[in-house]
Amino acid sequence: MSISTPLKTRRPARSLPSFDLPGPKRRPSWSMSKTVVNGVLLLATLYMLLPLLWLVTAAAKNTGDLLGGRTLTPDRWHLGQNLADLASTGHGIYFRWYLNSLLYAGVGAALCAFICVAAGYAFHVYGFPGKERLFGLVLLGVLVPTTALALPMYLLASKAGVVNTFWAVFLPSLVNPFGVYLARVFCGGYVPGEVLEAARVDGASELRTFWSIGLRMVMPGFVTIFLFQFTAIWNNFFLPLVMLSDTTLFPVSLGLYSWNTQTRAFPEYYPLVVTGSLLAIVPLVVAFIALQRFWKAGLTAGSVK
Amino acid sequence: MVAPAPQGVTSPAARPARPRRARRPQWAWRPRRARPGAPALLLLPFFVLFTVCTLIPIGNAVYLSLYREERSGLGFGGVERVFAGLGNYASALEDSAFRDGFLNLALYCLLYIPLMTGFSLLLALLLDSALARAKRFFQLALFLPHAVPGIIAALIWMYLYTPGVSPVIGALDAAGLQADVLGAPVPAVVNIALWEWTGYNLIIFFAALQAIPREVLEASVVDGAGPLRTALSIKVPLIRPSLAMVGLFTVIGSLQLFTEPMILHGAAPGVVTTWTPNMYAYTAAFERNDYGLAAAASVLLALAAAALSFLVTRFSGGRSTEAKGTEA
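Here the protein sequences line up with chains A and B, keeping their order.
For what it's worth, the working numbering labels the leading residue of the first sequence as 5, then goes sequentially.
For what it's worth, the working numbering labels the leading residue of the second sequence as 11, then goes sequentially.
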């Protein structure tokens with residue numbers, strides 16, 4: 005499948021012998037600058053990865069070793085114990101939060117991506133009066149600081165009686181103006197007009213054409229928007245903090261925060277917070293490693309245009 | 011910026027004779043007899059949600075910021091909503107805690123935005139140079155912190171800042187350096203944000219660098235430019251639209267600073283509950299129950315974001331946003 009082709013076509017033959025190497029006469033400095041370049045990259049990588057490595061080792065420590073800053077050795081391995089504690093604390097509330105997060109982020113991101121692709125497809129395919137003005141409104145929506153909306157949204161939700169419910173967190177997470185923008189860019193790259201015209205000639209209705217042709221063709225864009233929205237919802241902290249007080253509705257982020265505020269009084273929560281944090285980043289790390297070409301395509305489409 | 015890529019895929023070279031007027035496919039303009047309702051139906055879900063979750067809250071925030079709630083009698087008579095004009099704005103701006111919050115935020119932005127942009131641009135240029143090895147590995151490894159939720163990133167770094175827990179502080183101690191990171195909240199928060207966002211923006215820059223046409227770079231080499239010269243005089247100017255976009259999103263994101271200081275609050279004595287304007291609004295709403303004041307603070311913050319993003323697009327290559335609107 006040539007998913008990333010459309011966004012890559014601009015620099016073909018990247019693998020040819022590199023042209024920006026100095027000529028032979030500068031050969032002596034060549035290996036040194038190569039060492040410097042890769043050395044700097046390696047240092048940056050260490051800065052990025054070592055905190056994650058610390059999290060992995062810290063998750064296997066008990067309270068005393070964690071707070072005492074003792075090095076992890078095999079005889080101090082408590083990962084199993086920490087996981088068992090995680091499962092038993094508050095009748096397994098942590099895994100309840102985990103499921104909530106999966107629900108908010110999984111279902112929310114899928115629906116959001118679908119809504120964005122539908123709108124982006126309509127913007128790409130159809131001409132109608134006021135179209136560019138409407139699209140300008142979408143672009144303005146990208147600029148709105150979302151946290152500034154959380155409070156008025158809370159007040160509206162409390163008037164509507166949906167504060168402290170699933171919907172209060174779920175509905176706002178379906179809106180992503182930047183996703184509509186990305187979807188329009190992706191439709192420009194993946195949905196050729198000729199194909200749609202052919203479907204029309206064959207008598208397919210407009211919606212049918214969208215559903216069975218447009219959506220299929222722009223699937224890579226769909227996955228990209230899904231991935232970014234999944235991350236955004238999984239990481240969202242402010243909105244649930246404002247909207248929810250019922251702990252059984254918490255997503256993982258808010259749950260870990262509430263545990264963290266208790267660590268002062270109850271130090272035994274420290275390993276729970278650390279181990280819980282490690283478990284909470286696993287799905288995202290796996291998704292980003294598995295779906296590399298999608299997020300790279302997404303960031304390319306968003307910026308190069 | 012003109013981006014030929016998607017076209018390159020969708021419009022095969024099989025029809026070169028047709029004049030390529032606009033970027034827009036020509037059939038899009040053909041009057042459509044079939045179901046005028048279809049585009050409306052496709053656009054409807056987004057715009058309904060956009061109205062409910064963005065436009066109405068904005069209107070509501072502005073409305074709330076103009077009113078004050080007053081308790082009549084001894085608090086038994088319920089609350090009454092009184093028009094306050096710009097009173098809430100005045101009391102927010104007169105509150106030194108709110109101004110301090112903006113000051114902290116300004117310091118944070120002055121430190122974070124240049125550092126992050128410079129860092130990610132430098133790394134992207136290094137990664138784009140012919141000297142770099144294992145590019146795929148570096149891309150993934152450098153991007154990975156972005157997959158970590160902000161709250162967890164803040165938690166990790168809070169532990170790494172805490173003396174006794176942190177191996178970093180321990181090592182510095184052993185080397186005779188007394189590092190009191192938690193005593194300096196602004197750099198502490200900047201570091202967390204750098205860790206979270208450098209890799210993300212690096213990938214944006216790297217993607218833009220990879221899209222620079224090869225001939226341009228070859229020409230500069232033929233003209234005798236060295237790698238450094240090529241990077242500064244050719245590559246960086248050519249990815250200006252990406253720089254503008256990253257600048258824009260970074261400004262909007264930075265102004266909303268909330269999660270990281272919220273986690274450090276408690277661990278770092280300097281981080282009070284009103285440490286950023288966003289924290290101020292949150293505290294005003296949920297601890298003081300003063301919704302008018304909170305709304306006014308939110309509106310002021312949004313206005314600051316609007317003003318700054320206007321400046322960014324104006325001065326760092328406004329072409330990119332223009333292109334977004336007209337071409338995409």
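Ideal Cβ placement from N, Cα and C applies to all residues, glycine included.
- Taking C-beta atoms under 8 angstroms as the contact rule, B/L311 and B/P287 qualify, at a distance of about 5 angstroms.
- The beta carbon of B/R109 sits closer than 8 angstroms to the beta carbons of L103 from its chain, once the five residues preceding and following it are set aside; these are given in chain order.
- In the DSSP assignment, B/Y77 forms a beta bridge with B/F93.
- Where B/R109 is concerned, the enclosing alpha helix (DSSP H) starts and stops at S106 to D138.
- Between the beta-carbon of A/V173 and that of A/P244 there is about 5 angstroms, and that keeps the pair under the 8 angstroms contact cut.
- Across the stretch 217-250 of chain B, CB contacts with chain A closer than 8 angstroms involve A217, A218, Q220, A221, I222, P223, R224, L227, E228, V231, G236, P237 and T240, in sequence order along the chain.
- Residues of chain A whose Cβ lies closer than 7 angstroms to the Cβ of B/N288 are, in chain order, T151.
- By the criterion of at least three beta-carbon pairs nearer than 8 angstroms, the stretch 135-147 of chain A is not in contact with the stretch 284-304 of chain B.
- Here the alpha carbon of A/K65 sits roughly 37 angstroms from the alpha carbon of A/V40.
- Scanning chain A for C-beta atoms nearer than 7 angstroms to the C-beta of B/P49 yields A126, Y130 and F132, reported in chain order.
- Under the 10 Å beta carbon count, A/D206 is surrounded by fewer than 16 other beta carbons and is classified as exposed.
- Within the stretch 162-228 of chain A, complete alpha helix (DSSP H) segments of at least 4 residues are found at 170-174, 181-194, 197-205 and 210-213, given in chain order.
- Exposed is the label assigned to A/W215, since fewer than 16 other Cβ atoms lie within 10 Å of its Cβ.
- Within chain B, the residues placing a beta-carbon under 7 angstroms from that of A/M157 are C63 and P67, ordered along the chain.
- Burial of B/P49 is indicated by the presence of at least 16 other C-beta atoms within 10 angstroms of its C-beta.
- Straight through space, the alpha carbons of A/Y274 and B/L274 are spaced by roughly 15 angstroms.
- Contact between the stretch 283-299 of chain A and the stretch 227-237 of chain A is established, with three or more Cβ pairs separated by less than 8 angstroms.
- At a cut-off of 8 angstroms between beta-carbon atoms, B/P271 makes no contact with chain A.
- Spanning the alpha carbons of A/C120 and A/L107 requires a straight line of approximately 19 angstroms.
- Residues of the stretch 169-202 of chain B whose Cβ lies closer than 8 angstroms to any Cβ of chain A, in chain order: Y169, L170, G174, V175, S176, P177 and G180.
- Here B/W285 is buried. Its C-beta has 16 or more other C-beta atoms within 10 Å.
- The secondary-structure analysis by DSSP pairs B/A278 across a beta bridge with B/H275.
- For A/H128, the uninterrupted alpha helix (DSSP H) run begins and ends at G112 to V129, by DSSP.
- Taking the Cα positions, A/A301 is about 11 angstroms away from A/F226.
- Only N264, T265, R268, V277 and V278 from the stretch 262-280 of chain A bring a Cβ to less than 8 angstroms from some Cβ of chain B.
- The straight-line gap separating the alpha-carbon atoms of A/L219 and A/R188 is approximately 12 angstroms.
- Residues are counted here when their Cβ sits less than 9 angstroms from a Cβ of chain A; for the stretch 119-132 of chain B these are F129 and L132, given in chain order.
- With distances taken between CA atoms, B/L187 lies nearest to B/I179 out of B/L54, B/F216 and B/I179.
- Counting every other CB atom within 10 Å of its CB across the protein chains shown gives A/W101 a total of 16 or more, marking it as buried.
- Contacts with chain B at 8 angstroms (Cβ-Cβ) do not include A/G110.
- Going by DSSP, B/G193 is part of no alpha helix (DSSP H) at all; its letter is neither H nor E.
- Of all residues in the stretch 47-70 of chain A, only A48, T49, Y51, M52, L53, P55, L56, W58, L59, A62 and L70 place a beta-carbon less than 8 angstroms from a beta-carbon of chain B.
- Here DSSP, grouped into helix, strand and coil, assigns A/A63 to coil.
- It is roughly 6 angstroms from the alpha-carbon of A/Y194 to the alpha-carbon of A/M221.
- Neighbourhood of A/W101 in chain B, by CB distance below 8 angstroms: empty, with the nearest CB roughly 12 angstroms away.
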